[in-house]
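Peer 1: Here the sequence shown is numbered in our numbering, starting from 2 and rising by one per residue. Ideal Cβ placement from N, Cα and C applies to all residues, glycine included. Before I ask anything, here is the structure I am working with.
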Amino acid sequence: MVLQDKELKEKALNAVEKNKDVVAGDRFRLTYHLMPPVGLLNDPNGLVYFQGYYHVFYQWNPFETKHGIKYWGHYRSKNLVDWETLPITLAPSDWYDKNGCYSGSAVVHDGKLFLFYTGNVRDAEGERETYQCLAVSNDGVHFEKKGPVIHLPEGYTAHFRDPKVWEESGRWYMVIGAQTVKEEGVIVLFSSDDLETWEHHGILAGSNRNGLADFGYMWECPDLFTLNGKDVLVFSPQGLEAEGIKYNNIYQTGYLVGDFDRENNNFTHGEFDELDRGFDFYAPQTLVDDNNRRILYGWMGLPDETEAVHPTRKHQWIHALTIPRELELVEEKLYQKPVEELKQLRGDHVVFDDVDIKDQSIKLPKVEGKTVELAVSVNKSNADVFTLEFGSVAKLSFNQTLQLVTLERKTIKGDGVHSRSCRLNQLSNLRIFLDKSSIEVFLNDGAEVFTARLFDYDNDPTIQFSAKGTINIKVEKWELILGVRHHKKTKRVFFHEQRTGV
Ligand code: FRU
2 MVLQDKELKE KALNAVEKNK DVVAGDRFRL TYHLMPPVGL LNDPNGLVYF QGYYHVFYQW
62 NPFETKHGIK YWGHYRSKNL VDWETLPITL APSDWYDKNG CYSGSAVVHD GKLFLFYTGN
122 VRDAEGERET YQCLAVSNDG VHFEKKGPVI HLPEGYTAHF RDPKVWEESG RWYMVIGAQT
182 VKEEGVIVLF SSDDLETWEH HGILAGSNRN GLADFGYMWE CPDLFTLNGK DVLVFSPQGL
242 EAEGIKYNNI YQTGYLVGDF DRENNNFTHG EFDELDRGFD FYAPQTLVDD NNRRILYGWM
302 GLPDETEAVH PTRKHQWIHA LTIPRELELV EEKLYQKPVE ELKQLRGDHV VFDDVDIKDQ
362 SIKLPKVEGK TVELAVSVNK SNADVFTLEF GSVAKLSFNQ TLQLVTLERK TIKGDGVHSR
422 SCRLNQLSNL RIFLDKSSIE VFLNDGAEVF TARLFDYDND PTIQFSAKGT INIKVEKWEL
482 ILGVRHHKKT KRVFFHEQRT GV
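Dropping the structure here:
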């Protein structure tokens, strides 16, 4: 029997209450990143700017630190730094979503917030069913489910999910991640005049189409938007084989840039490129705000890969979202930059304008810490290799001869070291965000990004710089102290508002 909505939400709040101390006691808990209060978080959902607030919803299993029946949790913020926790948005309480309120998106229409999500259902034989569902809110806090608006069309398996909706010239469009009956990953297009009746236009892009031979058996979490006059499709394909330094994670996330002919549902595009080069990045989504910025959040994790060995599980929680990143398109390449607002986190600052490193390893006074931002710019270099080492758990190096950047880290299991790499012609600058058990590296103004969890860096939170050859750099470091205040505030607001329902 499906439990009532209220009961299911109450059950989740009880799990939060029961585990709050054990969660808070985890030394790996992040400070300025969004995390689940307990249980497992995966995809960012429903990103939207509405009535003066940024809203971030997320996939949430409150009861376990593994995947299972998903809820939507909810945070909102006026400045992308200080967040408050709002009541649980969606619980899997209806026949069309009883095995999970899966990923989806939000749009604003007539002063209301419309959420589209996938209702995941297993029938009596365990066969998957899928419904694209709607929930509506007047205040962005309380939501009313309206039920399915799209049933599975012919030609696809029940792996049909993650609706992303947007408006253009008075028409609504929706892209959905799907699998054809031939088990090819594809993106499917729908459109609508009223957000309730949707017309199916077929496949917009996919494996074995437009030059993408054998490109995965399922494409998840699509997002299609226009940036700098080009159309960009971001999605997460599953089933790509590793090719040298490419596609080394279990599943990938990347994008295609091209021209999308809305009339004929035809997307001509260039080659697929990965959005992030690190170990822990998946299922990102974007929103556009009142300043016309395109802001992205990703899930700092991956499905099916690390859950079993993840050290935070002991403390009844797992995974987090990335910091928010503003997207820019330069020619055919997506750049990601930490949003300006994150500068509000900056506290104590040290700067070294003119640091010479010559065939040696050095540490700089106060350039260390668990929650810091580091900015390095290269003034001059003829070094073959330039390396930053984070305690004894990670190493980021740029090899000029090979034109390669590599991030090496201790495996999450702790049984060895592994690495991820990407090509880079030349290194001009780095911005790095460390947060207790995570690292996000932005190279050359965000042209390349590495996102990873780092466990045990906090045991020895030092940063060592080395060069083979000679390099001259400028180094700046900030303590990210407002994060601590935000964390406390979130906890306080959390219990009050969830219980009283705002
Ligand atoms: C991606 C994903 C989505 C799905 C959700 C379920 O991580 O598999 O395709 O909607 O997670 O939690």
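Tell me, please, which residues DSSP counts as bridged to Tyr-59.
Peer 2: Taking the first residue of the sequence shown as position 1, residue 59 is located at position 58. Looking at the DSSP assignment, Tyr-59 forms a beta bridge with Pro-45 and Gly-74.
Peer 1: For the ligand FRU, is there a heavy atom less than 6 Å away from the beta-carbon of Arg-210?
Peer 2: The sequence position of residue 210 within the sequence shown is 209, counting from 1. No; taking the cut-off as 6 Å, the Cβ of Arg-210 has no heavy atom of the ligand FRU nearer than that.
Peer 1: Please name the residue or residues paired with Pro-339 in a DSSP beta bridge.
Peer 2: Mapped onto the sequence shown, residue 339 falls at position 338. Looking at the DSSP assignment, Pro-339 forms a beta bridge with Arg-326.
Peer 1: Terminal residues of the continuous beta strand (DSSP E) containing Asn-15?
Peer 2: For this step, residue 15 is matched to residue 14 along the sequence shown. No beta strand (DSSP E) holds Asn-15; the alpha helix (DSSP H) holding it covers 6-25.
Peer 1: Can the beta-carbon of Ser-393 be found closer than 7 Å to that of Thr-407?
Peer 2: Numbered from 1 along the sequence shown, position 392 holds the residue referred to as residue 393. Numbered from 1 along the sequence shown, position 406 holds the residue referred to as residue 407. For Ser-393 and Thr-407, no; Cβs fall outside 7 Å.
Peer 1: Just to confirm the assignment, what range does the beta strand (DSSP E) spanning Glu-333 have?
Peer 2: As a first step, residue 333 must be located in the sequence shown, where it is residue number 332. Segment: none, Glu-333 is in no beta strand (DSSP E) and carries neither H nor E.
Peer 1: Nearest-angstrom Cα distance between Lys-21 and Asp-232?
Peer 2: Within the sequence shown, residue 21 is the residue found at index 20, counting from 1. Within the sequence shown, residue 232 is the residue found at index 231, counting from 1. Rounded to whole angstroms, Lys-21 to Asp-232 spans 43 Å at the Cα level.
Peer 1: Among residues of its own chain, excluding the 5 on either side of Thr-307, which ones have a beta-carbon nearer than 7 Å to its beta-carbon?
Peer 2: By one-based count along the sequence shown, residue 307 stands at place 306. Result list for Thr-307: Ile-413, in chain order.
Peer 1: Does the Cβ-Cβ distance between Pro-462 and Glu-369 come in under 7 Å?
Peer 2: Position 461 of the sequence shown, counting from 1, holds the residue named residue 462. Position 368 of the sequence shown, counting from 1, holds the residue named residue 369. Cβ distance < 7 Å, so Pro-462 and Glu-369 count as in contact.
Peer 1: To which residues does DSSP link Trp-167 through a beta bridge?
Peer 2: Within the sequence shown, numbered from 1, the residue matching residue 167 stands at position 166. Partner(s): Tyr-174.
Peer 1: What three-state label does DSSP hand Ala-309 in the structure shown?
Peer 2: The sequence position of residue 309 within the sequence shown is 308, counting from 1. In the structure shown, Ala-309 sits in a helix (DSSP, three-state: H, G or I).
Peer 1: Is there at least one non-hydrogen atom of the ligand FRU closer than 6 Å to the beta-carbon of Asn-473?
Peer 2: Here residue 473 refers to the residue found at position 472 when the sequence shown is read from its first residue. No.
Peer 1: For a test of the three-state rule: what should DSSP assign to Lys-489, helix, strand or coil?
Peer 2: Here residue 489 corresponds to residue number 488 of the sequence shown, with the count starting at 1. Unreliable positioning characterises Lys-489 in this predicted model, as indicated by a pLDDT of 45, which lies under 50. A coordinate reading is not provided.
Peer 1: Let me check you understand the geometry: is the CB of Ser-398 closer than 6 Å to at least one non-hydrogen atom of the ligand FRU?
Peer 2: Taking the first residue of the sequence shown as position 1, residue 398 is located at position 397. Ser-398: no, Cβ never under 6 Å from the ligand FRU.
Peer 1: Just to check, is the beta-carbon of Asn-43 closer than 6 Å to a non-hydrogen atom of the ligand FRU?
Peer 2: Here residue 43 refers to the residue found at position 42 of the sequence shown. For the ligand FRU, at least one heavy atom lies less than 6 Å from the Cβ of Asn-43.
Peer 1: If you compare alpha carbons, which of Leu-276, Ile-474, Pro-93 and Glu-342 is closest to Lys-71?
Peer 2: On the sequence shown, residue 71 is found 70 positions in, with the first residue counted as 1. Residue Pro-93 is the option with its Cα nearest to Lys-71.
Peer 1: Leaving out the 5 sequence neighbours to the left and right, which residues in its chain are closer than 6 Å to Arg-493 when beta-carbon positions are compared?
Peer 2: Taking the first residue of the sequence shown as position 1, residue 493 is located at position 492. Only weak support exists for where Arg-493 lies, its pLDDT of 32 falling under 50; the value from the coordinates is given anyway. Excluding positions up to five away in sequence, the list is empty.
Peer 1: Per DSSP, Arg-123 forms a beta bridge with which residues?
Peer 2: Locating residue 123 in the sequence shown gives position 122, counting from the first residue. In DSSP, Arg-123 forms a bridge with Arg-129.
Peer 1: Would you check if there are 3 or more beta carbon pairs closer than 8 Å linking the segment 100-109 to the segment 161-181?
Peer 2: Verdict: yes, contact present.
Peer 1: Return yes when at least one heavy atom of the ligand FRU lies under 6 Å from the C-beta of Asp-224, else no.
Peer 2: Here residue 224 is taken as the residue at index 223 of the sequence shown, counted from 1. No.
Peer 1: Do Leu-288 and Leu-48 have their CB atoms nearer than 7 Å?
Peer 2: Within the sequence shown, numbered from 1, the residue matching residue 288 stands at position 287. Within the sequence shown, numbered from 1, the residue matching residue 48 stands at position 47. It is a contact, given that the beta carbons lie within the stated cut-off.
Peer 1: From His-270, Tyr-248, Thr-158 and Val-189, pick the residue whose C-alpha is nearest to that of Asn-211; which is it?
Peer 2: By one-based count along the sequence shown, residue 211 stands at place 210. Of the candidates His-270, Tyr-248, Thr-158 and Val-189, the one whose C-alpha sits nearest the C-alpha of Asn-211 is His-270.
Peer 1: What three-state label does DSSP hand Gln-401 in the structure shown?
Peer 2: By 1-based counting over the sequence shown, the position of residue 401 is 400. Looking at Gln-401 - three-state DSSP - the assignment turns out to be coil, as it is neither helix nor strand.
Peer 1: How is the beta strand (DSSP E) around His-202 delimited, first residue to last?
Peer 2: Within the sequence shown, the letter at position 201 stands for residue 202. Counting along the chain, the beta strand (DSSP E) containing His-202 begins and ends at 200-207.
Peer 1: Can Lys-334 be considered in contact with the ligand FRU, in the sense that its beta carbon sits closer than 6 Å to one or more heavy atoms?
Peer 2: If you number the sequence shown from 1, residue 334 lands on position 333. Because no heavy atom of the ligand FRU lies under 6 Å away, the Cβ of Lys-334 does not count as near it: no.
Peer 1: Can you give me the C-alpha to C-alpha distance between Arg-28 and Tyr-283, rounded to a whole angstrom?
Peer 2: Working through the sequence shown from its first residue, we reach residue 28 at position 27. Working through the sequence shown from its first residue, we reach residue 283 at position 282. About 24 Å.
Peer 1: Would you give the residue range spanned by the beta strand (DSSP E) that Asn-473 belongs to?
Peer 2: To locate residue 473, count along the sequence shown from 1; it is residue 472. 464-481 is the extent of the beta strand (DSSP E) around Asn-473.
Peer 1: Can you list, in chain order, the residues of its chain with a C-beta nearer than 6 Å to that of Glu-409? Leave out the 5 residues immediately preceding and following it.
Peer 2: Taking the first residue of the sequence shown as position 1, residue 409 is located at position 408. Cβ within range, chain order: Lys-396, Val-418 and Ser-420.
Peer 1: If you follow the beta strand (DSSP E) that Ile-363 is in, where does it begin and where does it stop?
Peer 2: The sequence position of residue 363 within the sequence shown is 362, counting from 1. Taken as a continuous stretch (DSSP letters only), the beta strand (DSSP E) holding Ile-363 covers 347-363.
Peer 1: Taking C-beta to C-beta, are Glu-333 and Val-258 nearer than 7 Å?
Peer 2: Residue mapping note: residue 333 aligns to position 332 of the sequence shown, counting from 1. Residue mapping note: residue 258 aligns to position 257 of the sequence shown, counting from 1. Yes.
Peer 1: Work out the CA separation of Gly-178 and Leu-4 for me, nearest whole Å.
Peer 2: For the purposes of this step, residue 4 is taken as the residue at position 3 of the sequence shown. For the purposes of this step, residue 178 is taken as the residue at position 177 of the sequence shown. Whole-angstrom Cα-Cα distance: 29 Å.
Peer 1: Under a Cβ-count criterion, where at least 16 other Cβ atoms within 10 Å of its own Cβ denotes burial, should Glu-449 be classed as buried or exposed?
Peer 2: Locating residue 449 in the sequence shown gives position 448, where the first residue counts as 1. Looking at its Cβ environment, which holds 16 or more other Cβ atoms inside 10 Å, Glu-449 is buried.
Peer 1: Could you check if Lys-367 belongs to the surroundings of the ligand FRU, using beta carbon to heavy atom distance under 6 Å?
Peer 2: Along the sequence shown, one-based indexing puts residue 367 at 366. Incorrect: Lys-367 has no Cβ contact closer than 6 Å to the ligand FRU.
Peer 1: Which residues bound the beta strand (DSSP E) around Asn-267?
Peer 2: Within the sequence shown, residue 267 is the residue found at index 266, counting from 1. Run containing Asn-267: 267-270, per the beta strand (DSSP E) assignment.
Peer 1: Around the Cβ of Ile-188, are there at least 16 other Cβ atoms within 10 angstroms (buried) or fewer (exposed)?
Peer 2: Position 187 of the sequence shown holds residue 188. Buried, because 16 or more other Cβ atoms sit within 10 Å of the Cβ of Ile-188.
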